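Q:
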Amino acid sequence: GENVEQHPSTLSVQEGDSAVIKCTYSDSASNYFPWYKQELGKRPQLIIDIRSNVGEKKDQRIAVTLNKTAKHFSLHITETQPEDSAVYFCAASIGYGGSQGNLIFGKGTKLSVKP
Amino acid sequence: GAVVSQHPSWVICKSGTSVKIECRSLDFQATTMFWYRQFPKQSLMLMATSNEGSKATYEQGVEKDKFLINHASLTLSTLTVTSAHPEDSSFYICSARPQDYNEQFFGPGTRLTVL
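Protein chains in written order, with the working numbering: chain A, 187 to 301; chain B, 10 to 124.
(1) Beta carbons nearer than 7 Å to chain B: which residues of the stretch 237–262 of chain A have them?
(2) Specify the secondary structure class of A/Glu269 as computed by DSSP and reduced to three states.
(3) Starting from the beta carbon of B/Leu1, find every residue of chain A whose beta carbon is closer than 9 Å, and list them in chain order.
(4) Using a Cβ-Cβ distance cut-off of 8 Å, determine whether A/His193 contacts chain B.
(5) Look at the Cβ atom of B/Ala93, then the Cβ atom of B/Cys32, and state whether they are nearer than 8 Å.
(6) Is there a Cβ from chain B that is less than 8 Å from the Cβ of A/Pro268?
(7) Which bits of chain B does A/Tyr235 rub up against, with CB to CB less than 9 Å?
(8) Does the count of Cβ pairs from the stretch 187–199 of chain A and the stretch 240–254 of chain A closer than 8 Å reach three?
(9) Taking the Cβ atom as the reference point for each residue, do B/Thr119 and B/Ser98 lie within a distance shorter than 8 Å?
(10) Does the beta-carbon of B/Arg106 have 16 or more other beta-carbons within 10 angstroms, so that it is buried, or is it exposed?
(11) Would you say A/Lys300 touches the ligand FMN, meaning its beta carbon is less than 7 Å from a heavy atom?
(12) Do B/Trp44 and B/Tyr110 have their beta-carbon atoms positioned less than 8 Å apart in this structure?
(13) Would you mind sorting A/Ala277 into buried or exposed? The rule is 16 or more other CB atoms within 10 Å of its CB.
(14) Quick check: A/Lys300 and A/Glu225, are their CB atoms within less than 8 Å of each other?
(15) Determine the contact status of B/Val90 and B/Lys75, defining contact as a CB-CB distance below 8 Å.
(16) Is any beta-carbon of chain A found at less than 8 Å from that of B/Ser52?
(17) Helix, strand or coil for A/Glu191 per DSSP?
(18) For A/Asp245, does the three-state DSSP call read helix, strand or coil?
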C-alpha cells in the first residue's frame, strides 16, 4: 500500500523567512496530494492541494510543487508569520471515489515561527 | 459550505461503558465518511472507511467489534466505542467526502477520556 514520508518533523524559522516541508510517496498511482494545517486541539484544515497533472500550484504565500518522477512533493510558505505556527500534514491518495481515494497521511511537521 | 460537525466535542466515561460519537455533514451529502484516531503529537491514523448503506472497511489492527461504525444516511455516521478502556482515550476525528471528490472535510474532533 501507499506510504508517505514527511520531513522534517519539526521546523523553526524566524518571522519573514521561508519554510519548506517535503514529502515522498511510494505508490506511483497516487494522483492527489493535499496539505493540511492543524492547530492544537482543532480539526485539520485543507490549505492547498495538487493533482498529478500539475507540477506547481500557488495560493498567495503558499505553494506546492510535485515531482512525479521522483515521487515527492513539497509545501513552501513564504514570508512566514507567527500565525503560521501549527502542525502541517501532507497526504496522498489514489483515484476518485469508491474504495480509492483514502488519504494516507505523513507524520506531520511542527512549524514554529518566531517573532 | 462543506461543514462537518461532530458530537460530542469531549466525553469522559468510566471503564467498561460504551460511547457513541456522531459525525454529520451539514450542507452536502457524503457517500463516504472516515474515522481517524490521533494520539498527542502524532499523525492521523485511519481507523475505518464507511460508505452509506454498507459495512465499514476497517484498517488492519482495528477491532471492528470494539469500534462499531454505522453510516445509515448520506449525512450521518456514528462511531461507538464499546467497553471502553483507558487505552482507548484519544482524539477521534471524522471526515466526510462528497461523491466524486478526493477532498475530505474534517469534523472538529471528539476527545475521549476513559477513567
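Beta carbons: idealized from backbone N, C-alpha and C, even for Gly.
Quick caveat, the model's predicted, so the values are computed rather than measured.
A: A quick look at the data gives this:
(1) none
(2) Residue mapping note: residue 269 of chain A aligns to position 83 of the first sequence, counting from 1. A/Glu269 falls in the helix class under three-state DSSP.
(3) Not covered by the structure: residue 1 of chain B. The range shown for chain B is 10 to 124.
(4) Counting from one through the first sequence, the residue named residue 193 of chain A turns up at place 7. False, the Cβ-Cβ gap to chain B never drops below 8 Å.
(5) On the second sequence, residue 93 of chain B is found 84 positions in, with the first residue counted as 1. On the second sequence, residue 32 of chain B is found 23 positions in, with the first residue counted as 1. No; because the gap between Cβ atoms is not below 8 Å, this pair is not in contact.
(6) Along the first sequence, one-based indexing puts residue 268 of chain A at 82. It does not; no Cβ of chain B falls within 8 Å.
(7) Taking the first residue of the first sequence as position 1, residue 235 of chain A is located at position 49. A small correction: the amino acid at residue 235 of chain A is Asp; Tyr does not occupy that position in the sequence shown. By Cβ distance, chain B contributes Asn111, Glu112.
(8) no
(9) Here residue 119 of chain B corresponds to residue number 110 of the second sequence, with the count starting at 1. Here residue 98 of chain B corresponds to residue number 89 of the second sequence, with the count starting at 1. Contact flag unset, no.
(10) Working through the second sequence from its first residue, we reach residue 106 of chain B at position 97. Label assigned to B/Arg106: buried.
(11) Annotation note on the ligand FMN: not contained in the displayed structure, which lists no ligands.
(12) As a working note, residue 110 of chain B is residue 101 in the second sequence. As a working note, residue 44 of chain B is residue 35 in the second sequence. Not in contact: B/Tyr110 and B/Trp44 (Cβ atoms no closer than 8 Å).
(13) Here residue 277 of chain A is taken as the residue at index 91 of the first sequence, counted from 1. It is buried - the Cβ of A/Ala277 has at least 16 other Cβ atoms within 10 Å.
(14) Taking the first residue of the first sequence as position 1, residue 300 of chain A is located at position 114. Taking the first residue of the first sequence as position 1, residue 225 of chain A is located at position 39. It is not a contact, given that the beta carbons lie outside the stated cut-off.
(15) Residue mapping note: residue 90 of chain B aligns to position 81 of the second sequence, counting from 1. Residue mapping note: residue 75 of chain B aligns to position 66 of the second sequence, counting from 1. Contact flag set, yes.
(16) To locate residue 52 of chain B, count along the second sequence from 1; it is residue 43. Yes, B/Ser52 lies at the interface with chain A (some Cβ there is under 8 Å from its Cβ).
(17) As a working note, residue 191 of chain A is residue 5 in the first sequence. A/Glu191 falls in the strand class under three-state DSSP.
(18) Your numbering for residue 245 of chain A matches position 59 in the first sequence. Strand.
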